[in-house]
Amino acid sequence: MNATPNANLYALFQSRFPEDMTACCIETHDGLYYSWNDIDRASAKMANLLAALDLPMDARIAVQVEKSPEALILYLATLRAGYVYLPLNTAYRAAEMAYFIENAEPSVVVCSPQNFGWVSQIAFSSGTRHVFTLGDDRTGTLLTRAALQSNSFDTVHRVPEDLAAILYTSGTTGRSKGAMLTHDNLASNALVLQEYWHWQAGDVLLHALPLFHVHGLFVASHGALLNGSKMIFLPRFDTAEVLRCLPRATVFMGVPTYYVRLIAEPGFDRELCARMRLFISGSAPLLTDTFKTFAERTGHTILERYGMSETTMLVSNPYDGERIGGTVGLPLPGVSVRVVKGDGTPCAVDEIGDIQVKGPNVFKGYWRMPEKTAEEFTADGYFKTGDVGRFDARGYLSIVGRSKDLIISGGYNVYPKEIESFIDEMEGVVESAVIGLPHPDFGEAVTAVVVTKTDTALDEAQIIDYLKSRIANFKVPKRIFFVHDLPRNTMGKVQKNVLRDQFKDHP
Ligand code: MLC
Ligand code: AMP
2 MNATPNANLY ALFQSRFPED MTACCIETHD GLYYSWNDID RASAKMANLL
52 AALDLPMDAR IAVQVEKSPE ALILYLATLR AGYVYLPLNT AYRAAEMAYF
102 IENAEPSVVV CSPQNFGWVS QIAFSSGTRH VFTLGDDRTG TLLTRAALQS
152 NSFDTVHRVP EDLAAILYTS GTTGRSKGAM LTHDNLASNA LVLQEYWHWQ
202 AGDVLLHALP LFHVHGLFVA SHGALLNGSK MIFLPRFDTA EVLRCLPRAT
252 VFMGVPTYYV RLIAEPGFDR ELCARMRLFI SGSAPLLTDT FKTFAERTGH
302 TILERYGMSE TTMLVSNPYD GERIGGTVGL PLPGVSVRVV KGDGTPCAVD
352 EIGDIQVKGP NVFKGYWRMP EKTAEEFTAD GYFKTGDVGR FDARGYLSIV
402 GRSKDLIISG GYNVYPKEIE SFIDEMEGVV ESAVIGLPHP DFGEAVTAVV
452 VTKTDTALDE AQIIDYLKSR IANFKVPKRI FFVHDLPRNT MGKVQKNVLR
502 DQFKDHP
């Protein structure tokens, strides 16, 4: 018997389940209902299956599956069994998957049935012993095997610092790093947000985000689970489906692209949002135009917040106080956020500098990269976000740029270095620079500027086709421009700002 309380995040959720366990926890877009009992029992079955595999204590369970209630249940089962959840974007192709699997060395890989051939080949050759499949239509070997297990399971005892998840992020120097998040990181953030955003009885979350990133997996799902609130689950963001389901929801979360697409719909108005209590935006900058038009159309003020994989949520506009467009709000309770100059001294009000953060939400470090982890923290324990911003006199933070070379397209991060290295390996390419250009739908559009050898006939379509066969589609440049030379500063560094300026008005 363990004397300390169980810090397992699932134990926290369980302690907040509604009294009526037959109530609906997840309703799918096609009309299926999963009660709280269903979620508890199905996650117990999957947890029993994982436990029976006799895995090491810190086993990683890598998951690349389409969104479904069962995918969320698998996440909960992994927590319950005390293992580490490693979600992967469904857009990743073989080279990307091979990197994650080789780097994380998961004990178990779960993939879509249609990808079993190539994913299992990568997994088995990297030493993974168990590969299961899980479809978005309640099919796959994971469910067949879990069905034979008991539907009760004693949630494994965890201490706050134990790992709950690894999220791969940032690859400024090429390859992605696994951000290690603990049970306490996730639990503390979920508890703060529940209070800060006034989650309340009767709330219904319309869940349209993917389940493999912080936003959809943690911020959205944790909020509803902790509040005992029903989720209406959409397999993906689809404007028509969101319009159909909104009248029955009270809370919606999305990346700015979702809001841009919603306000483009003539039928999106006050009446449709009559039951809505809260619209939350994050993962990328929300344009002030979108913020204003949204308020005019619906009467609702979008609440913008700021987060990242390494820190989950750190700053948010208030629920009760004024929500100011163009800002991401105030540091969350218990989270310390500062803006500093290059020499580490604090910036004055309205002065622009590097954003740093410290608090129970901040991750434990990068998976098997102690030096990289040390580099990203200051001597007094603040994490360097790589974002640049300023605090105003009221304490609201605005993000004005990034010191990291990163493009955010439709809420997905794209690291120019990674795309450049794929382009540079092509026959006929001398060098390339990848930049983000303003895009009305995705916020930023990945764009490549390429220098080719004089004797090559390489064209835009060929480069795009080549990249599409190798990397996730959302990373593939929407446009390729050709130049004779890349502009460089005296240090020899490519001046991406010059390129952004040069191509900003090109169609
Ligand atoms: C899809 N495509 C994209 C894209 N998504 N291109 C650029 N950027 C994107 N984000 C491409 C596809 O590859 C395809 O290309 C074409 O667009 C149509 O694909 P689709 O699948 O039909 O697109 P769609 O369903 O419309 O998807 C767009 C989207 C989606 C905006 C709905 O990208 C999305 O849900 N994004 C949310 C990402 C997210 O959850 N971010 C949170 C990160 S957490 P082709 O060439 O085949 O036509 C985080 C921390 C925090 O950042 O603070 O929250
Ligand atoms: P990720 O690594 O996918 O977790 O992405 C985190 C990054 O998304 C942050 O470092 C920011 O650059 C960006 N981000 C998240 N929320 C916002 C926001 N509200 N406004 C501007 N940028 C944001």
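Every number in the working numbering is 1 more than the matching position in the sequence shown, counting from 1. For each residue, glycine too, the CB sits at the ideal point set by N, CA and C.
Roughly how many angstroms lie between the CA atoms of residue i and residue j, to the nearest whole one?
i: A8; j: E352; result: 40 Å
i: C274; j: R249; result: 9 Å
i: F378; j: G268; result: 48 Å
i: V435; j: V389; result: 20 Å
i: A52; j: Q357; result: 39 Å
i: L263; j: F213; result: 23 Å
i: A458; j: N490; result: 29 Å
i: L54; j: H199; result: 41 Å
i: L10; j: R81; result: 8 Å
i: P334; j: P88; result: 28 Å
i: L279; j: L187; result: 22 Å
i: T156; j: G83; result: 8 Å
i: I62; j: F101; result: 12 Å
i: T140; j: F292; result: 41 Å
i: W37; j: C25; result: 6 Å
i: A48; j: R42; result: 10 Å
i: I481; j: K494; result: 20 Å
i: M427; j: I464; result: 8 Å
i: G366; j: L315; result: 17 Å
Along the chain, where does the beta strand (DSSP E) that runs through residue i open and close?
i: V88; result: Checking the sequence, you will find Pro at residue 88 rather than Val. Element bounds for P88: V85 to P88.
i: Y320; result: Premise fails: Y320 is in no beta strand (DSSP E) and is neither H nor E.
i: R61; result: R61 to Q65
i: E305; result: L304 to M309
i: M232; result: K231 to F234
i: G179; result: K178 to T183
i: Q122; result: Segment F117 to S126 is the alpha helix (DSSP H) holding Q122; no beta strand (DSSP E) there.
i: M254; result: V252 to G255
i: L206; result: V205 to H208
i: Y169; result: L164 to T170
Can you name, in chain order, every residue of its own chain whose Cβ lies under 8 Å from the Cβ of residue i, other than the five neighbours on each side?
i: Q195; result: G224, L227 and N228
i: I400; result: P286, Y307, V329, I356, D388, V389 and G390
i: R298; result: I264, F269, D270 and R271
i: Y197; result: S317, P319, Y320, L333 and P334
i: M58; result: G83
Within 10 angstroms of the Cβ of residue i, are there 16 or more other Cβ atoms? Answer buried if so, exposed if not.
i: G283; result: buried
i: Q201; result: exposed
i: A124; result: buried
i: K46; result: buried
i: V350; result: exposed
i: T5; result: exposed
i: S16; result: exposed
i: E97; result: buried
i: G512; result: Coverage of the chain is limited to positions 2 through 508, which leaves residue 512 absent and any answer about it impossible.
i: A180; result: buried
Near residue i, which residues of its chain fall below 6 Å by C-beta distance, leaving aside the five closest residues on each side in sequence?
i: A191; result: H223 and L227
i: H208; result: A221, M232 and F234
i: W119; result: A95
i: D137; result: E67 and S69
i: A72; result: V66 and L212
Can you name, in chain order, every residue of its own chain whose Cβ lies under 7 Å from the Cβ of residue i, other than the five neighbours on each side?
i: P70; result: I27, T29, Y35 and F234
i: T23; result: S36 and N38
i: L438; result: E445, A446, T448, R501, F504 and K505
i: E432; result: D425, V452 and L487
May I ask which residues mark the beginning and end of the alpha helix (DSSP H) holding residue i?
i: I74; result: P70 to A82
i: F292; result: T289 to T299
i: P417; result: P417 to D425
i: A92; result: Where A92 is concerned, there is no enclosing alpha helix (DSSP H), given that its DSSP letter is neither H nor E.
i: K46; result: W37 to A53
i: G224; result: S222 to N228
Look at the Cβ atom of residue i, then the Cβ atom of residue j, and state whether they are nearer than 7 Å.
i: T302; j: A296; result: yes
i: R276; j: G300; result: no
i: L50; j: R146; result: yes
i: V252; j: D321; result: no
i: S404; j: G387; result: yes
i: Y306; j: S317; result: Checking the sequence shown, residue 306 turns out to be Arg, not Tyr. Closer than 7 Å, so yes.
i: G412; j: V256; result: yes
i: T134; j: S310; result: no
i: S189; j: P441; result: no
i: V430; j: T448; result: no
i: V215; j: T313; result: yes
i: I409; j: E445; result: yes
i: V1; j: C348; result: Because the chain is modelled from 2 through 508, residue 1 falls outside the range shown and cannot be assessed.
i: V110; j: V132; result: yes
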